[in-house]
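A.B. asks:
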Amino acid sequence: MTAATGIGARVLRTEDKRFLTGTGRYVDDLPLARATYAYFLRSPHAHAKIRSIDISVAEKMPGVVNIFTGKDLVEAKVGGLICGWVVKDKNGEPHKAPPHPVMAHDTVRYVGDTVAMVIANSVDDAKDAAEAIKVDYEVKPANIDLAHALDKGASEVHPEAPGNLIYDWEIGVKADVDAAFAKAAHVTKLDIVNNRLIPNAMEPRAAAAEYDKGTGNYTLWSTSQNPHVLRLILSAFVLGIPEHKLRVVAPDVGGGFGSKIFCYNEETMVCWAASRVGRPIKWTAERSESFMTDAHGRDHVTHAELAMDKDGKFLALKVETIANMGAYLSTFSTAVPTYLYATLLAGQYTTPLIYANVKAAVTHTAPVDAYRGAGRPEATFVIESIVSKAAVEMKMDTAELRRKNFIPSDAFPYQTPVALQYDSGNYPPIIDEAIKISDYKGFEARRAEAKSRGKLRGIGFSSYIEACGLAPSNVVGSLGAGVGQWESAQIKFNPTGNVQVMTGAHSHGQGHETTFAQLIHDKLGVPMDQIEIVHGDTATTPFGMGTYGSRSLAVGGSAIMKATDKIIAKGKKVAAHLMEADVADVEFENGTFKVAGTDKSVPLGQVVFAAYVPHNYPLAEVEPGMDENAFYDPANFVYPSGTQICEVEIDPDTGEVEVIAHTAVDDFGNIINPMIVEGQVHGGIVQGVGQALFENAVYDKGTGQLISGSYMDYTMPRADNFPSFKLGYKTTPCPHNPLGVKGCGEAGAIAAPAAVMNAVRDALAPLGIKHVEMPATPLNVWQTIQGAHRAAAE
Amino acid sequence: MYDFAYHRPKSLADAAALLKGKDEARPMSGGMTLIPTLKQRLAKPSDVVDLGGIAELAGIKAEGSGVTIGGMTKHYDVSVSPEVKKAIPALAHLAGHIGDPAVRNRGTMGGSVANSDPAADYPAAVVALNATVNTNMGKHPADGFFKGLFETALKEGELITSISFPTADKAAYMKFPNPASRYAMVGVFVAKTKDGVRVAVTGAGPAVFRVKAMEDALAKDFSSAAIKDIKIPSGDLNSDIHGSAEYRAHLVGVMARRAVDAANK
Chain A
1085 MTAATGIGAR
1095 VLRTEDKRFL
1105 TGTGRYVDDL
1115 PLARATYAYF
1125 LRSPHAHAKI
1135 RSIDISVAEK
1145 MPGVVNIFTG
1155 KDLVEAKVGG
1165 LICGWVVKDK
1175 NGEPHKAPPH
1185 PVMAHDTVRY
1195 VGDTVAMVIA
1205 NSVDDAKDAA
1215 EAIKVDYEVK
1225 PANIDLAHAL
1235 DKGASEVHPE
1245 APGNLIYDWE
1255 IGVKADVDAA
1265 FAKAAHVTKL
1275 DIVNNRLIPN
1285 AMEPRAAAAE
1295 YDKGTGNYTL
1305 WSTSQNPHVL
1315 RLILSAFVLG
1325 IPEHKLRVVA
1335 PDVGGGFGSK
1345 IFCYNEETMV
1355 CWAASRVGRP
1365 IKWTAERSES
1375 FMTDAHGRDH
1385 VTHAELAMDK
1395 DGKFLALKVE
1405 TIANMGAYLS
1415 TFSTAVPTYL
1425 YATLLAGQYT
1435 TPLIYANVKA
1445 AVTHTAPVDA
1455 YRGAGRPEAT
1465 FVIESIVSKA
1475 AVEMKMDTAE
1485 LRRKNFIPSD
1495 AFPYQTPVAL
1505 QYDSGNYPPI
1515 IDEAIKISDY
1525 KGFEARRAEA
1535 KSRGKLRGIG
1545 FSSYIEACGL
1555 APSNVVGSLG
1565 AGVGQWESAQ
1575 IKFNPTGNVQ
1585 VMTGAHSHGQ
1595 GHETTFAQLI
1605 HDKLGVPMDQ
1615 IEIVHGDTAT
1625 TPFGMGTYGS
1635 RSLAVGGSAI
1645 MKATDKIIAK
1655 GKKVAAHLME
1665 ADVADVEFEN
1675 GTFKVAGTDK
1685 SVPLGQVVFA
1695 AYVPHNYPLA
1705 EVEPGMDENA
1715 FYDPANFVYP
1725 SGTQICEVEI
1735 DPDTGEVEVI
1745 AHTAVDDFGN
1755 IINPMIVEGQ
1765 VHGGIVQGVG
1775 QALFENAVYD
1785 KGTGQLISGS
1795 YMDYTMPRAD
1805 NFPSFKLGYK
1815 TTPCPHNPLG
1825 VKGCGEAGAI
1835 AAPAAVMNAV
1845 RDALAPLGIK
1855 HVEMPATPLN
1865 VWQTIQGAHR
1875 AAAE
Chain B
3 MYDFAYHRPK
13 SLADAAALLK
23 GKDEARPMSG
33 GMTLIPTLKQ
43 RLAKPSDVVD
53 LGGIAELAGI
63 KAEGSGVTIG
73 GMTKHYDVSV
83 SPEVKKAIPA
93 LAHLAGHIGD
103 PAVRNRGTMG
113 GSVANSDPAA
123 DYPAAVVALN
133 ATVNTNMGKH
143 PADGFFKGLF
153 ETALKEGELI
163 TSISFPTADK
173 AAYMKFPNPA
183 SRYAMVGVFV
193 AKTKDGVRVA
203 VTGAGPAVFR
213 VKAMEDALAK
223 DFSSAAIKDI
233 KIPSGDLNSD
243 IHGSAEYRAH
253 LVGVMARRAV
263 DAANK
């Protein structure tokens, strides 16, 4: 084993060779013989009754193979798309579950809702035919504004959800919290919006399907983050295709960020239609379709209050949130603003009493579901914004107020008042390191220097903790999840000593082909170029739950480690036989089996060969072959934590906010590949800053049109918006998984928005400004400043 | 895209003939606006006449102390041209900040000026420098050329062959980009020539416009202090999620002052 490619090494990524040379194979690249192409006709209205759909002209147009509408699905008794997590409301009742048809048949409920599927010999033929489809809509009022979505009289999205309420959920004991507030020396209040985002993975969603008449087998290629889960949903709930007759393949996928977890309309339709059309069907979303129909993220309106004693010790926190579900409940939507949000409201603090009430509302907008961080960015944004506001009100240093309330390092495992038990952590050294790296102490001098140039500098903290490495199955099951959250691994050696490792995780940017290989190299001593990591195909990998929630290393990597244990245990028996020794005396290190206290040794490769050519082999005790699998269900979530500090400079003439410096110190437990971890942190910070300063999904409040429907209006963060980030690491290994790792994929996006917005508020505080909403665009900042000038003049 | 007939004529006369009498025929220069429009099926021309093969539309020539730029000249070429940098460096600077490198290596001055996108950069330069738009049917002075949203004084079948820019004693362009598209939300080109001072604003309204109050003040005192109290009325200005009319009106003042400071450097 070489340190250069083992655990902890900055190994360059195996997968980059094909990604950087244009030889990756994405769904759209698939060369399917005699393929047809699908194009979806979508609703131009946010809310309308479909009076009729006339396809008589369209179906006769050149190149058209078939046209399907929602009525065809009703006749074929196709199921609806499911929501996989039953959240129980305050009264123990399951949430309202309005139907989610695969294509709309009597009502369209958001701009982009699917109305018809045209299948033709080319995309242009399909588009031409789609334009000839006559849909008679009766337009109805649209319910768009989340803050008023639950008001009496707001336009009803589903009759099954009266008042547009999906659930009214709570955690904590309100009476206890109210009592603590009554005795508090100081209460800080905050009204805050977590703005809606559009995921924008580089590769748009795509699907292709083929039906084999001879065997009755379907193959569905999809840009899915979790092919087995998609297969299970389509088989058991939506299409009724027996699971063993449906193969789902997620080949190279260009980013997901959560948006590719869910079971969507288009891939369902492509799969269903494949057997009716008799030729393969391909579909790739155009970017404007992605904008309209990829599950959007975030979209909360929150009122929060923090009660403190006279010294700033947190006594209690109460939070009321309205969360947008969009027009239909997407696969995991209900869990995001409840179990992935409210259970994080303790943050890094010892706040003893917490109450949260979350009302989920349907609106005439695209479905909303998990997006990088999924609930935890929303929680961190609330806590870290209110803590910074409290520091200002209490006239305390913002770092000191946090430090005063940190869970002490000797208090772990720490049971929070919101269900989660944090397993490990040590927060003070993290904030100390962040303070050092960012030169927090020198900030006031920099603020003064900027002021001399007519600019406003601000600095903001965000001390986050999050729960990832989803998840202990019994815990999520008790909370209403329809599935477990274990992970699988199969380690299959070939007779010539190289090895294929099949994982139920899926890599769509995470670099698993490299990091998982590092685990195999480190534990079994196999050289990196002799290891292949296989993922994404339900036909060749064991059942797995896929990749999201920063789970692949903590859960998938742990399954791999368990499988390596089995390989070593079996290998020892074979090696003992080959070395004529007692198995108790056999040790394994650096790819070699040795007899303790002797110079007898046999390499793993020889053991593997013997297992496949068992001429001299303990057949009475051990089977031939070297092929072991393992399933791993985590004992707890993992809890990465950290502190980010953002320094901004605002030009009051234009309202532009420049990020001068951004520091992130994280505890991810043990680190397998520092380069990949840095990449995750960089990407997460960019997405978090993107939310704070640039991105915003905007619907017209009257018509429900998606105004931010392209990059002309949806501001993506670009490389030239950022300085180089300053990163640091502290380590408290996870005590409950074999690698001691915590997830790192979402942390940057979870912490960053609060750090940026706290910095913006700090910069504008000298003008008497107390609050700025996200995103802090130049227009927003300038208008806020004008408002403060006007208020000062009065 | 919808289907269309594609042509690549070798001369202006051939191009004019291909466009004559067909009101659904469109000329194409760099295609940086037309091609996305076609891909989104927002236009259905019967014919696309690609002007890229016409030699007489290319080239940058020094003329007198000014410069004449061929209609098919790419933004990149304007930005690095020694002739442009000598005659009006502010124009080279403007061209170097249009779009992004991919756009600058295809987009053309003639195409941009003929399109009159309210957020394009060149119209501000054309008006502020009092340039002359030369076509296959005559010449147009800058004033009155840009008539409104995507509307110019060009007649049916009239093609820009070149634009002649005089030199300036002092000139600068300051652009506040739309954060998403990076088109000009407000772009102000200020120029002091022997004929006086002109201030042209793009991005803020339906088409480029001049600010007479600023021109008069700067003619007396070419300094940013001279225009610091001049406010632009917001009534007719564009408003969208990135900039309200009031914000744009404010930015016109900010960018004008910064342009004057830059011109004075």
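These protein sequence lines are chains A and B, in that order.
1085 is the number of the first residue of the first sequence in the numbering used here; add one for each residue after it.
3 is the number of the first residue of the second sequence in the numbering used here; add one for each residue after it.
Glycine included, each C-beta is placed from N, C-alpha and C at the ideal position.
Remember, predicted model here, so these are calculated numbers, not experimental data.
Using 10 angstroms around the beta-carbon of B:Asp-197, count the other beta-carbons present and answer buried if the total reaches 16, otherwise exposed.
C.D. replies: Within the second sequence, the letter at position 195 stands for residue 197 of chain B. B:Asp-197 comes out exposed.
A.B. asks: Would A:Gln-1764 pass as a contact of A:Gln-1602 if the rule is Cβ separation under 9 Å?
C.D. replies: Counting from one through the first sequence, the residue named residue 1764 of chain A turns up at place 680. Counting from one through the first sequence, the residue named residue 1602 of chain A turns up at place 518. No, the pair does not count as a contact, with Cβ atoms beyond the cut-off.
A.B. asks: What does the alpha-carbon distance come out to for the pair A:Ile-1755 and A:Asp-1235?
C.D. replies: Residue mapping note: residue 1755 of chain A aligns to position 671 of the first sequence, counting from 1. Residue mapping note: residue 1235 of chain A aligns to position 151 of the first sequence, counting from 1. Rounded to whole angstroms, A:Ile-1755 to A:Asp-1235 spans 49 Å at the Cα level.
A.B. asks: Just the chain B side, please: which residues come within less than 8 Å of A:Asp-1606 by C-beta, in chain order?
C.D. replies: Here residue 1606 of chain A refers to the residue found at position 522 when the first sequence is read from its first residue. Residues of chain B passing the Cβ test: none, with the nearest at roughly 43 Å.
A.B. asks: Suppose you measure from the CA of B:Ala-116 to the CA of A:His-1766; what does that come to, to the nearest Å?
C.D. replies: Mapped onto the second sequence, residue 116 of chain B falls at position 114. Mapped onto the first sequence, residue 1766 of chain A falls at position 682. Taking the straight line from one Cα to the other gives about 42 Å.
A.B. asks: Can you tell me which of the three DSSP states A:Gly-1689 falls into?
C.D. replies: In the first sequence, counting from the first residue as 1, residue 1689 of chain A sits at position 605. Looking at A:Gly-1689 - three-state DSSP - the assignment turns out to be helix.
A.B. asks: Could you check the C-alpha separation between A:Tyr-1348 and A:Ser-1374 for me, to the nearest Å?
C.D. replies: Residue numbering aside, residue 1348 of chain A sits at position 264 when the first sequence is read from its first letter. Residue numbering aside, residue 1374 of chain A sits at position 290 when the first sequence is read from its first letter. Distance between the alpha carbons of A:Tyr-1348 and A:Ser-1374 is about 12 Å.
A.B. asks: Any C-beta of chain B sitting closer than 9 Å to the C-beta of A:Ser-1522?
C.D. replies: Sequence index remark: in the first sequence, residue 1522 of chain A carries index 438 (1-based). It does not: the Cβ of A:Ser-1522 has no partner Cβ on chain B nearer than 9 Å.
A.B. asks: Compare the C-beta of A:Val-1202 with all C-beta atoms of chain B and state if any pair is closer than 9 Å.
C.D. replies: The residue you call residue 1202 of chain A lines up with position 118 of the first sequence. Judged by the 9 Å Cβ criterion, A:Val-1202 is not in contact with chain B.
A.B. asks: Which whole runs of the alpha helix (DSSP H) in the stretch 181–248 of chain B are 4 residues long or more, in chain order?
C.D. replies: 214–222, all fully within the stretch 181–248 of chain B.
A.B. asks: Any beta-carbon of chain D closer than 9 Å to the one on B:Ser-226?
C.D. replies: Here the protein chains are A and B, and chain D is not one of them.
A.B. asks: Can you look up A:Val-1313 in the DSSP assignment and give me helix, strand or coil?
C.D. replies: By one-based count along the first sequence, residue 1313 of chain A stands at place 229. Helix at A:Val-1313.
A.B. asks: May I ask which residues mark the beginning and end of the beta strand (DSSP E) holding B:Pro-29?
C.D. replies: If you number the second sequence from 1, residue 29 of chain B lands on position 27. Per DSSP, B:Pro-29 belongs to the beta strand (DSSP E) from 27–30.
A.B. asks: Quick check: what's the CA-CA separation for B:His-77 versus A:Lys-1344?
C.D. replies: Numbered from 1 along the second sequence, position 75 holds the residue referred to as residue 77 of chain B. Numbered from 1 along the first sequence, position 260 holds the residue referred to as residue 1344 of chain A. In a straight line, the C-alpha of B:His-77 is about 39 Å away from that of A:Lys-1344.
A.B. asks: Per DSSP, A:Arg-1126 is paired with what?
C.D. replies: Numbered from its first residue, the first sequence carries residue 1126 of chain A at position 42. A:Thr-1198, per the DSSP bridge assignment.
A.B. asks: Could you give the first and the last residue of the continuous beta strand (DSSP E) run that contains A:Ala-1426?
C.D. replies: Taking the first residue of the first sequence as position 1, residue 1426 of chain A is located at position 342. From DSSP, A:Ala-1426 is part of no beta strand (DSSP E); its letter is neither H nor E.
A.B. asks: Take the Cβ of A:Val-1658 as the centre, count every other Cβ of all protein chains shown within 10 Å, and call the residue buried at 16 or more, exposed below.
C.D. replies: Against the first sequence, residue 1658 of chain A aligns to sequence position 574. It counts as buried.
A.B. asks: Could you list which residues in chain A have their beta carbon closer than 7 Å to that of B:Gly-245, in chain order?
C.D. replies: As a first step, residue 245 of chain B must be located in the second sequence, where it is residue number 243. Result: Leu-1863.
A.B. asks: What residue range is occupied by the uninterrupted alpha helix (DSSP H) comprising A:Val-1559?
C.D. replies: Working through the first sequence from its first residue, we reach residue 1559 of chain A at position 475. Unbroken alpha helix (DSSP H) run through A:Val-1559: 1557–1562.
A.B. asks: For A:Tyr-1511, which of helix, strand or coil comes out of DSSP?
C.D. replies: On the first sequence, residue 1511 of chain A is found 427 positions in, with the first residue counted as 1. The answer is helix: DSSP assigns A:Tyr-1511 an H, G or I state.
A.B. asks: Which partner residues does A:Pro-1225 have in the DSSP bridge list?
C.D. replies: Reading the first sequence from its first residue, position 141 is the one you call residue 1225 of chain A. BP columns for A:Pro-1225 are empty, so no partner.
A.B. asks: Taking Cβ positions only, does A:Val-1840 come closer than 9 Å to chain B?
C.D. replies: Start at 1 with the first residue of the first sequence, and residue 1840 of chain A comes out as number 756. Not an interface residue.
A.B. asks: If contacts are defined as beta-carbon pairs under 8 Å, then A:Gly-1768 and A:Ala-1838 qualify, I think. What distance do you get, rounded to the angstrom?
C.D. replies: Here residue 1768 of chain A refers to the residue found at position 684 of the first sequence. Here residue 1838 of chain A refers to the residue found at position 754 of the first sequence. In fact, because the Cβ distance is near 13 Å, the residues do not count as touching under 8 Å.
A.B. asks: Considering only C-alpha positions, which residue in the set A:Gly-1298, A:Ile-1652, A:Ala-1748, A:Pro-1862 is nearest to A:Glu-1731?
C.D. replies: For the purposes of this step, residue 1731 of chain A is taken as residue 647 along the first sequence, with counting starting at 1. Of the candidates A:Gly-1298, A:Ile-1652, A:Ala-1748, A:Pro-1862, the one whose C-alpha sits nearest the C-alpha of A:Glu-1731 is A:Ala-1748.
A.B. asks: State yes or no: is the C-beta of B:Leu-131 within less than 9 Å of the C-beta of B:Leu-93?
C.D. replies: For the purposes of this step, residue 131 of chain B is taken as the residue at position 129 of the second sequence. For the purposes of this step, residue 93 of chain B is taken as the residue at position 91 of the second sequence. Yes. Within cutoff.
A.B. asks: Reducing DSSP to helix, strand and coil, say where B:Thr-39 ends up.
C.D. replies: Taking the second sequence and counting its residues from 1, the one referred to as residue 39 of chain B is at position 37. In this structure, B:Thr-39 counts as helix in the three-state DSSP scheme.
A.B. asks: Could you check whether the Cβ of B:Arg-43 sits closer than 9 Å to any Cβ belonging to chain A?
C.D. replies: To locate residue 43 of chain B, count along the second sequence from 1; it is residue 41. Closer than 9 Å to some Cβ of chain A, the Cβ of B:Arg-43 qualifies, so yes.
A.B. asks: Measuring alpha carbon to alpha carbon, tell me which of A:Gly-1106, A:Pro-1859, A:Thr-1105 ends up nearest A:Arg-1280.
C.D. replies: Position 196 of the first sequence, counting from 1, holds the residue named residue 1280 of chain A. Answer by Cα proximity: A:Pro-1859.
A.B. asks: Where does A:Glu-1373 sit, in a helix, a strand or coil, going by DSSP?
C.D. replies: Taking the first sequence and counting its residues from 1, the one referred to as residue 1373 of chain A is at position 289. A:Glu-1373: helix per DSSP, three-state reduction.
A.B. asks: Any idea if A:Phe-1600 is buried or exposed, counting beta-carbon neighbours within 10 angstroms, 16 or more meaning buried?
C.D. replies: What you label residue 1600 of chain A is simply residue 516 of the first sequence in a count that begins at 1. It is buried - the Cβ of A:Phe-1600 has at least 16 other Cβ atoms within 10 Å.
A.B. asks: Since A:Val-1567 meets chain B, which of its residues come closer than 7 Å, beta carbon to beta carbon?
C.D. replies: Here residue 1567 of chain A corresponds to residue number 483 of the first sequence, with the count starting at 1. Those do not exist, as A:Val-1567 stays about 38 Å from chain B at its closest Cβ, beyond 7 Å.
A.B. asks: Among A:Ile-1652, A:Thr-1727, A:Asp-1393, which residue has its Cα nearest to the Cα of A:Val-1692?
C.D. replies: Here the question's residue 1692 of chain A lines up with position 608 in the first sequence. Closest by alpha carbon: A:Ile-1652.
A.B. asks: Taking its Cβ as the centre, do 16 or more other Cβ atoms sit within 10 Å of A:Lys-1814, making it buried, or is it exposed?
C.D. replies: Locating residue 1814 of chain A in the first sequence gives position 730, counting from the first residue. It counts as buried.
A.B. asks: May I ask you to report which of helix, strand or coil DSSP gives A:Ser-1343?
C.D. replies: By one-based count along the first sequence, residue 1343 of chain A stands at place 259. It is coil, neither helix nor strand.
A.B. asks: Of the residues that make up the stretch 196–220 of chain B, which ones have a beta carbon closer than 9 Å to any beta carbon in chain A?
C.D. replies: Within the stretch 196–220 of chain B, no residue has a Cβ that lies closer than 9 Å to any Cβ of chain A.
A.B. asks: For a contact defined as C-beta to C-beta under 7 Å, what are the partners of A:Val-1782 on chain B?
C.D. replies: The residue you call residue 1782 of chain A lines up with position 698 of the first sequence. Those within 7 Å of A:Val-1782 in chain B are Ile-243.
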